[in-house]
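Taking it in order: structure first as structure tokens, then the write-up.
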């Protein structure tokens, strides 16, 4: 089973493993304040319906956020074809060379888009699995498996999903390394202010051209899903925004 399919099609309810940075304060995006995207935070958008993997939909969304023409936004993709950055046109007032780093979640039922200026970001979103978790433990470290087996039964599946999104977001930050090294990445690191440092294997960090540590933050994604964002350095914070799918109009 490929890592991108790990929890696809499985879900359940309940939330017994609350993110360390909850409760969240979700706000409506102010279309007259595009400068907010340059404040050093990771901004996470959760529109009611969007397909951020379609270039036209993504550039249209970004254009509405930045109040510029969509055809002036240049997207950069990684080796897997995923959009990872956008260069806004000069009319936005951003300095030359500034870029908007971005990551889109893969869950079509919970579209999320993470944005940060000049700070690479990776995103992982997955449903919580349903049923026994024994067969899903293969890509976890011995200490993670022990922690999961020792967790209360009613919260075990959600905790497993949350550990997986931390590992996946951290590894995606490393680029083309994929998820082959998931079993070498321990995501149990203690959280402080909702963030946890996940150490990447030296081979992964070197091949991906990133640092040895990914800083992960759990994100709210509803009662039956979990999400996580990863950055190579601690961001100034994270803000969650609500839009109706066409940024600029409050939901």
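In the working numbering, the protein residues as written are 5 to 255. The beta-carbon is built from N, C-alpha and C at its ideal position, and this holds for glycine as well.
Check, Outcome
"Between which two residues does the alpha helix (DSSP H) harbouring residue 86 extend?", "Careful: residue 86 lies outside any alpha helix (DSSP H) and carries neither H nor E."
"Output the distance between the C-alpha atoms of residue 64 and residue 74, rounded to the nearest integer angstrom.", "5 Å"
"Contact between the region 147–154 and the region 104–114: three or more CB pairs below 8 Å?", "no"
"Thinking residue 122 and residue 105 are a contact (beta carbons under 8 Å), I'd like their distance in whole angstroms, please.", "7 Å"
"Give the DSSP-derived three-state secondary structure of residue 40 in the structure shown.", "helix"
"Counting only runs that start and end within the region 60–108, where is the alpha helix (DSSP H) found for 4 or more residues in a row?", "none"
"What are the boundary residues of the beta strand (DSSP E) that residue 117 is part of?", "117–121"
"Please confirm if residue 96 has its CB atom under 8 Å from at least one CB of chain C.", "Protein chain content of the structure displayed is limited to a single chain, and chain C is not contained in it."
"I need the straight-line Cα distance from residue 71 to residue 97, nearest angstrom please.", "11 Å"
"Identify, in the order they occur along the chain, each residue of the same chain with its Cβ nearer than 8 Å to the Cβ of residue 219, setting aside the five sequence neighbours on each side.", "199, 200, 201, 202, 234, 235, 236, 237, 238 and 239"
"By the 10 Å Cβ neighbour count, where 16 or more other Cβ atoms means buried, how is residue 124 classified, buried or exposed?", "buried"
"My guess is that residue 133 and residue 164 are in contact by the Cβ rule of under 8 Å, so how many angstroms apart are they, rounded?", "7 Å"
"Of all the options 118, 160 and 172, which has the alpha carbon lying nearest to the alpha carbon of residue 44?", "118"
"Under 8 Å between the Cβ atoms of residue 128 and residue 214?", "no"
"For residue 56, count the other beta carbons within 10 Å of its own beta carbon; 16 or more makes it buried, fewer makes it exposed. Which is it?", "buried"
"Going by other Cβ atoms of all chains shown within 10 Å of its Cβ, with 16 needed for buried, is residue 26 buried or exposed?", "Bear in mind that a pLDDT of 37 at residue 26, under 50, signals an unreliable position, so the model cannot answer this."
"Can the beta-carbon of residue 167 be found closer than 8 Å to that of residue 160?", "no"
"Tell me whether residue 142 is buried or exposed, calling it buried when 16 or more other Cβ atoms sit within 10 Å of its Cβ.", "exposed"
"Do residue 175 and residue 191 come within 8 Å of each other at the CB atom, strictly closer than that value?", "no"
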